[in-house]
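Novice:
Chains as they are written, first to last, in my numbering: chain U, 1 to 233; chain S, 234 to 658.
Right under this line is the structure:
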């Protein structure tokens, strides 16, 4: 599903440049649940941004579902993101003046779907994350765990090929973290490819594979025994 | 999605309504700026128009290009005459004036008693009631220069009256009130003016702004007046109307020059003849009104501009505030074009709503002013309106300005990279 070869990325900081990713090779197959681990500064967020087409590649090759991603304009990147990718953020990033249903329906709006279809689909995904009864609530009326579930529903709504989660449990306590990871596992079990960036080992062990980054290179890439979260949602 | 389709897309507007409605304070503050601008513009230009209409009403009973000329005392010795002579106009001057000044359309010599120069008003008697009123000797042409509204059934002096020295008179509405019973029709009745019986042929309606005329004035034929007061060939003053396309100031000067020559007054003597040029006064006043209209246009447009800049300013701040939201939208698949058009349409929509509300409020204020001044005849203010093209023009200006100003925050919104917008603090 995802294939990266010899990926390099540097940032200019004034006169000097900071070499963040120094040759990453990574293959992720359909249906995998991969944790990308690393301490801060290891380059894991940069990697995720590149995978999310939010950032450009300096050198190397990025194939998403056998489509070569390169030389994107802002507009085509936006269209690809809309079609291929679902984002889950640490701080949820729900739009605070839209209720849960409208938030979930937003990517469908950018897909150009009609309103009725959008709302039906959004409701379907809200039901999937167990928040059907909260559809008309604003984010400020939801708990952290509920917000992240709405965000997951939003990421799922456009039926992307890959879900990218950036520290999805970073702002949650351990109980709700488990809840959210349980949901992610459930979605993965239905066949969705998911990447989770985290620096927490126990979260990483809820995935099926752990890729560890340090100083811009992959130092470890192993399949792990998945810790199944019970009693989710 | 192509951008033209976006504008007519229900969903686009739902997004815009959403973001506008959910940021109420921002929306209200933004709208007030432009609303105030268009409100000022509508109110000012409506008021200027009302003033303009009011002035026009003040002059409606006089021909716009008319003037009075009357003799005063000479101030320069000339042709053997001493200073301080009182040259008197005569009826034969009319012919000379008409022959030498082709721009003159009508000329009406007038005589009066009780109006100027310490002359006694006429004593008028009907039955047991005796009063005094100002009395004028008039040519029928006078009504071509100054409108005289005569009540139903009556008429003004005509050629026949003049030719036959008829003893007929047109009385004022106050005269009728004071001399006749309430249910008595004065037409055809006789009143005694200086012990001579006159038949009443009309009652004139008093009109505002006629200068020295009042609601009690009595008009009789010029020739009858001459016989009554033994004025001979003398004329107190001339009322002159020039053709519509004539330069009234030049005509006024020519009239005076001709009269100076006839009456042997020094050409440089400015004080020998007095004159009042309604055309000139009207031009000056309508120039003032035009100035007011122009001023209101400038002030209104400047205020609208300030308001629209305010909208741009607040949208710029709001884009900054919504950096994260816009980043999320981009991550979810909003193209730069979609973000740009959303901000742009927010700007235009706010401007337009503010403009329409401002126009409605301005119109309401004008309506209130109109009601308050409707029956105030001493206040020159009538029917304040703003022409529809000006209103539409103002709206169009606002849409254009709103679009131009909206481009700045829209560009700012697009220039935010989603990655920067989403970066955790």
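C-beta: ideal position from N, C-alpha, C; glycine also.
#1: I need the DSSP call for residue 70 of chain U, collapsed to helix, strand or coil.
#2: My output table needs one value for residue 234 of chain S: the three-state DSSP class, helix, strand or coil.
#3: Could you tell me which uninterrupted beta strand (DSSP E) segments, each at least 3 residues in length, are contained entirely in the stretch 424-502 of chain S, listed from first to last along the chain?
#4: In the DSSP assignment, the beta strand (DSSP E) including residue 13 of chain U goes from what residue to what residue?
#5: Tell me, please, whether the CB atom of residue 561 of chain S is closer than 8 Å to any CB atom in chain U?
#6: Whole-angstrom Cβ separation of residue 529 of chain S and residue 281 of chain S, contact assumed at under 8 Å?
#7: Within the same chain, show all residues whose beta-carbon is closer than 7 Å to that of residue 125 of chain U, passing over the 5 residues directly before and after it, in chain order.
#8: Kindly indicate the opening and closing residues of the alpha helix (DSSP H) around residue 244 of chain S.
#9: CA-CA distance, residue 253 of chain S and residue 219 of chain U?
#10: What do you get for residue 76 of chain U, buried or exposed, if any count of 16 or more other CB atoms within 10 angstroms of its CB means buried?
#11: Using a cut-off of 8 Å between C-beta atoms, extract the partners of residue 139 of chain U located in chain S.
#12: What are the partner residues of residue 366 of chain S, as DSSP defines its beta bridges?
#13: Under a Cβ-count criterion, where at least 16 other Cβ atoms within 10 Å of its own Cβ denotes burial, should residue 299 of chain S be classed as buried or exposed?
#14: Would you mind working out which of S:481, S:596, S:567, S:495 sits nearest residue 337 of chain S, comparing C-alpha positions?
#15: Could you check if residue 604 of chain S is buried or exposed, using at least 16 other CB atoms within 10 Å of its CB as the buried criterion?
#16: With a 10 Å radius around its C-beta and 16 neighbouring C-beta atoms as the bar for buried, classify residue 48 of chain U as buried or exposed.
#17: What three-state label does DSSP hand residue 318 of chain S in the structure shown?
#18: Given a limit of 8 Å on CB to CB distance, which residues of the stretch 68-84 of chain U reach chain S?
#19: Which parts of the stretch 35-88 of chain U are runs of the beta strand (DSSP E), unbroken and 3 residues or longer, counting only runs that do not cross its ends?
#20: Would you decide whether residue 510 of chain S is buried or exposed? Buried here means 16 or more other CB atoms lie within 10 Å of its CB.
#21: The alpha helix (DSSP H) that contains residue 561 of chain S, what's its start and end?
#22: With 7 Å as the C-beta to C-beta threshold (strictly closer), list the residues of the stretch 642-656 of chain S near chain U in chain order.
#23: Consider the Cβ of residue 565 of chain S: report whether some Cβ of chain U lies at a distance smaller than 8 Å.
#24: Can you look up residue 639 of chain S in the DSSP assignment and give me helix, strand or coil?
#25: If I measure Cβ to Cβ from residue 329 of chain S and keep anything under 8 Å in the same chain, skipping five residues before and after, which residues do I get?
#26: So, for residue 144 of chain U: in the same chain, excluding its five sequence neighbours on each side, which residues have a beta-carbon less than 7 Å away from its beta-carbon?
#27: Can you tell me which residues form a DSSP beta bridge with residue 197 of chain U?
#28: Please list, in chain order, the residues of the stretch 146-160 of chain U that have any C-beta partner in chain S closer than 8 Å.
#29: Which of helix, strand or coil does DSSP assign to residue 214 of chain U?
#30: Taking all protein chains shown into account, decide if residue 436 of chain S is buried (16 or more other Cβ within 10 angstroms of its Cβ) or exposed.
#31: Would you call the CB atoms of residue 227 of chain U and residue 208 of chain U closer than 8 Å?
#32: Expressed to the nearest angstrom, what Euclidean distance is found between the alpha-carbon atoms of residue 589 of chain S and residue 629 of chain S?
#33: For chain S, find out if any of its Cβ atoms is closer than 8 Å to the Cβ of residue 55 of chain U; answer yes or no.
#34: When DSSP labels each residue in this structure, what does residue 304 of chain S get in the three-state scheme?
#35: Name the residue from U:92, U:66, U:18 whose alpha carbon lies nearest to the alpha carbon of residue 80 of chain U.
#36: Measuring CA to CA, which of U:30, U:93, U:24, U:54 is closest to residue 557 of chain S?
Specialist: The answer reads as follows:
#1: Residue 70 of chain U: coil per DSSP, three-state reduction.
#2: Low per-residue confidence applies at residue 234 of chain S: pLDDT is 45, beneath 50, and the placement is therefore not dependable, though the value from the model is reported in the following sentence. It is coil, neither helix nor strand.
#3: Those beta strand (DSSP E) runs which fall completely within the stretch 424-502 of chain S and span 3+ residues are 429-438, 451-454, 470-475.
#4: From DSSP, the beta strand (DSSP E) with residue 13 of chain U extends over 2-13.
#5: True, the Cβ-Cβ gap to chain U drops below 8 Å.
#6: Right, their Cβ atoms sit about 5 Å apart.
#7: Sequence-distant Cβ neighbours of residue 125 of chain U in its own chain, meaning closer than 7 Å and more than five residues away, are 104, 153, 156, 157.
#8: Residue 244 of chain S -> alpha helix (DSSP H) spans 243-254.
#9: When rounded, the distance between both Cα atoms is 49 Å.
#10: Taking all protein chains in view, the Cβ of residue 76 of chain U is surrounded by fewer than 16 other Cβ atoms within 10 Å, so the residue is classified as exposed.
#11: The contacting residues do not exist; residue 139 of chain U stays about 11 Å from chain S at best.
#12: Its beta-bridge partners are S:355.
#13: Answer is buried; the Cβ neighbour count reaches 16.
#14: From the listed residues S:481, S:596, S:567, S:495, the smallest Cα separation to residue 337 of chain S is found for S:481.
#15: Burial call: exposed.
#16: When all chains shown are included, residue 48 of chain U counts as buried.
#17: Correct three-state label for residue 318 of chain S: coil.
#18: Cβ contacts with chain S: 74, 75, 78, 79, 81, 82, 83.
#19: The qualifying runs are 59-64, 85-88.
#20: When all chains shown are included, residue 510 of chain S counts as buried.
#21: Residue range 556-564 is occupied by the alpha helix (DSSP H) that includes residue 561 of chain S.
#22: Hits within the stretch, in order: 651, 652, 655.
#23: Yes, contact with chain U.
#24: The three-state secondary structure of residue 639 of chain S, taken from DSSP, is helix.
#25: 491, 495.
#26: Once the five neighbours on either side are set aside, the close Cβ partners of residue 144 of chain U are 171, 172, 176.
#27: Residue pairing from DSSP places residue 197 of chain U in a beta bridge opposite U:36, U:166.
#28: The stretch 146-160 of chain U vs chain S, Cβ under 8 Å: 154, 158.
#29: Correct three-state label for residue 214 of chain U: strand.
#30: Classification for residue 436 of chain S: buried.
#31: Not in contact: residue 227 of chain U and residue 208 of chain U (Cβ atoms no closer than 8 Å).
#32: Inter-residue distance for residue 589 of chain S and residue 629 of chain S is about 11 Å (C-alpha atoms, whole angstroms).
#33: At least one chain S Cβ lies under 8 Å of residue 55 of chain U.
#34: DSSP places residue 304 of chain S in strand when its eight states are reduced to three.
#35: Closest by alpha carbon: U:66.
#36: Of the listed residues, the one whose Cα sits closest to residue 557 of chain S is U:93.
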